[in-house]
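Colleague:
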Amino acid sequence: MALRHYTLDFNLSGPADCPSTVHSLQSIFQEQEMTETVHDTEGHGYLATFLGKKGRFVILRVHSHGLVTIDLQCYDEDNIAQVDNLLNALEKKLKILLKGNIRRIKRLPALTRGSAVDRYWPTADGRLVEYDIDRVVYDKDSAYQNIKILHSQQFGNILVLNGDVNMAESDLAYTHAIMGGGQENYADKEVLILGGGDGGILAEVVKLKPKMITMVEIDQMVIDGCRTYMRKTCGNVLDNLNGDCYQVLVEDCVPVLKKYVQEGRTFDYVINDLTAVPISTSPEEDSTWEFLRLILDLSIKVLRHSGKYFTQGNCANLTEALALYEEQLGRLSCPVDFSKEVVCVPSYMELWVFYTVWKK
2 MALRHYTLDF
12 NLSGPADCPS
22 TVHSLQSIFQ
32 EQEMTETVHD
42 TEGHGYLATF
52 LGKKGRFVIL
62 RVHSHGLVTI
72 DLQCYDEDNI
82 AQVDNLLNAL
92 EKKLKILLKG
102 NIRRIKRLPA
112 LTRGSAVDRY
122 WPTADGRLVE
132 YDIDRVVYDK
142 DSAYQNIKIL
152 HSQQFGNILV
162 LNGDVNMAES
172 DLAYTHAIMG
182 GGQENYADKE
192 VLILGGGDGG
202 ILAEVVKLKP
212 KMITMVEIDQ
222 MVIDGCRTYM
232 RKTCGNVLDN
242 LNGDCYQVLV
252 EDCVPVLKKY
262 VQEGRTFDYV
272 INDLTAVPIS
282 TSPEEDSTWE
292 FLRLILDLSI
302 KVLRHSGKYF
312 TQGNCANLTE
322 ALALYEEQLG
332 RLSCPVDFSK
342 EVVCVPSYME
352 LWVFYTVWKK
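Counting from 2, one number per residue, gives the positions in the sequence shown under the numbering used here.
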């Protein structure tokens with residue numbers, strides 16, 4: 002059983018008359034057979050709670066600085082029309098009582114809390130987004146992370162790793178951006194993909210006739226889930242871990258990169274599609290930044306002199322984090338230059354920064 006949470010706010014030009022306002026609203030709550038409890042606010046206006054039928058619960062606050070807030074909670078099995086009628090009655094009465102003192106009225110759609118399907122996910126810069134998610138199609142805990150694939154009516158299936166929205170079937174813009182924005186010639190090139198368990202990058206690069214792609218993904222269960230439920234993203238490339246021009250290694254990328262450095266193996270393109278929060282069995286993971294710098298350093302070492310390294314950065318609003326990332330680029334063992342592109346990724350509902358890095 003889930004809970005619906007409604008909010009109604011009145012921003013005022015000045016303080017409200019608490020006793021008069023509350024007294025005038027009491028008749029509406031009495032009609033709903035709701036029991037009132039008044040709470041001591043120690044001089045910070047008026048606070049009352051009302052408990053009614055079917056577990057309906059209302060918090061009424063008349064704040065001393067000029068704000069009136071109403072929070073209504075009810076179970077999802079409650080009669081929505083009756084709840085709307087209660088809120089409409091309260092809004093209509095307050096408009097009359099506070100006439101001439103109202104700057105703004107804000108009534109938000111109900112938040113659904115505790116439901117089987119979680120529709121709320123934060124953006125990278127901390128804003129809450131409600132998705133049109135109607136069902137969970139995959140939910141597993143691997144040795145490394147929680148893996149969810151959720152269905153959105155608008156974005157298709159969405160891969161969520163440890164609560165972080167990674168990729169939706171709508172997000173071809175992400176894949177193209179992290180491959181160089183359609184400006185690169187992958188024909189007969191050797192490509193290394195780090196992460197990318199959803200198979201999106203692999204599927205798109207295969208179409209461009211490379212010589213060989215090596216993809217290193219640590220989590221087999223991500224591959225398993227996406228192979229079944231993200232086929233609009235990966236196509237059939239994850240059906241087999243070896244194809245005519247690609248191989249998928251289910252391993253930690255750090256020791257693989259170190260081995261390639263020792264062997265002197267190099268690539269024309271390295272595409273880093275690791276998750277935002279690093280996952281590694283490597284003991285060097287003392288901090289996120291140290292881990293990211295380690296991946297960067299190893300990746301540049303296996304990059305041919307004419308090659309390019311592509312990776313996602315972060316939300317365009319997180320300028321401080323982006324500056325810190327760019328600082329890491331100046332601390333590598335090999336000097337590099339870089340460029341960046343800002344792209345709107347549909348399911349992220351925010352602008353996202355992608356980097357291209359090359360040796361000087």
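Glycine is no exception: its CB is placed at the ideal position from the N, C-alpha and C atoms.
In angstroms, rounded to a whole number, what distance separates the CA positions of T276 and G196?
Modeller: About 7 Å.
Colleague: Taking only three categories from DSSP, how would you classify T50?
Modeller: It is a strand residue.
Colleague: Quick one: is G331 buried, meaning 16 or more other Cβ sit within 10 Å of its Cβ, or exposed?
Modeller: The residue in question, G331, is exposed, as its Cβ has fewer than 16 Cβ neighbours within 10 Å.
Colleague: Measure the C-alpha to C-alpha separation of I29 and S153 and round it to an integer number of angstroms.
Modeller: In a straight line, the C-alpha of I29 is about 39 Å away from that of S153.
Colleague: Nearest CA to the CA of A3: which residue from L333, D79 and G67?
Modeller: Among L333, D79 and G67, the Cα nearest to that of A3 is on D79.
Colleague: Looking only at its chain, what residues have a beta carbon closer than 7 Å to the beta carbon of V354, apart from the 5 residues adjacent to it on each side?
Modeller: Excluding sequence neighbours, V354 sits near G314, N315, A317, L323, K341 and V343.
Colleague: Going by DSSP, name the residue or residues bridged to W290.
Modeller: In DSSP, W290 forms no bridge with anything.
Colleague: Here's a check: name, in chain order, each residue in its chain whose Cβ is nearer than 7 Å to the Cβ of C345, leaving out the five neighbours to either side.
Modeller: Here the set comprises A174 and L352.
Colleague: Please work out which residues of its chain come closer than 8 Å, Cβ to Cβ, to G244, disregarding the five sequence neighbours upstream and downstream, and give them in chain order.
Modeller: Cβ within range, chain order: V207 and V238.
Colleague: Does the structure place the stretch 79 to 97 close enough to the stretch 123 to 142 that three or more beta carbon pairs sit under 8 Å?
Modeller: Short answer: they don't touch.
Colleague: In chain order, which alpha helix (DSSP H) runs of at least 4 residues are fully inside the stretch 152 to 187?
Modeller: The stretch 152 to 187 contains these whole alpha helix (DSSP H) runs: 173 to 179.
Colleague: Do I148 and G236 have their CB atoms nearer than 8 Å?
Modeller: For I148 and G236, no; Cβs fall outside 8 Å.
Colleague: Which of the three DSSP states, helix, strand or coil, is assigned to T357?
Modeller: Three-state DSSP puts T357 in a strand.
Colleague: Beta-carbon within less than 6 Å of H306's beta-carbon, same chain only, minus the 5 sequence neighbours each way: which residues are those?
Modeller: Once the five neighbours on either side are set aside, the close Cβ partners of H306 are K360.
Colleague: Using the three-state DSSP reduction, which class does E205 fall into: helix, strand or coil?
Modeller: Of the three classes helix, strand and coil, the one that applies to E205 here is helix, per DSSP.
Colleague: Between Q155, I179, G182 and G181, which has its C-alpha nearest A169's C-alpha?
Modeller: Residue Q155 is the option with its Cα nearest to A169.
Colleague: Under a Cβ-count criterion, where at least 16 other Cβ atoms within 10 Å of its own Cβ denotes burial, should T282 be classed as buried or exposed?
Modeller: Only weak support exists for where T282 lies, its pLDDT of 42 falling under 50; the coordinates are left without a value.
Colleague: What does the alpha-carbon distance come out to for the pair E285 and M180?
Modeller: A caution first: E285 carries a pLDDT of 45, below 50, which makes its placement in the model unreliable, though a value can still be read off. When rounded, the distance between both Cα atoms is 28 Å.
Colleague: Report the CB separation of L304 from T267 in whole angstroms; it is logged as a contact under 8 Å.
Modeller: So it is a contact: roughly 7 Å between Cβ atoms.
Colleague: Does the beta-carbon of K212 have 16 or more other beta-carbons within 10 angstroms, so that it is buried, or is it exposed?
Modeller: Classification of K212: exposed, given that the 10 Å Cβ count is below 16.
Colleague: Restricting to runs no shorter than 3 residues, where is the beta strand (DSSP E) found entirely within the stretch 227 to 272?
Modeller: Whole beta strand (DSSP E) segments, 3+ residues: 247 to 250.
Colleague: Going straight from the alpha carbon of C246 to that of K302, what length do you get?
Modeller: About 23 Å.
Colleague: Short check: CB of A49 to CB of V23, under 8 Å?
Modeller: Yes, Cβ-Cβ distance for A49 and V23 is below 8 Å.
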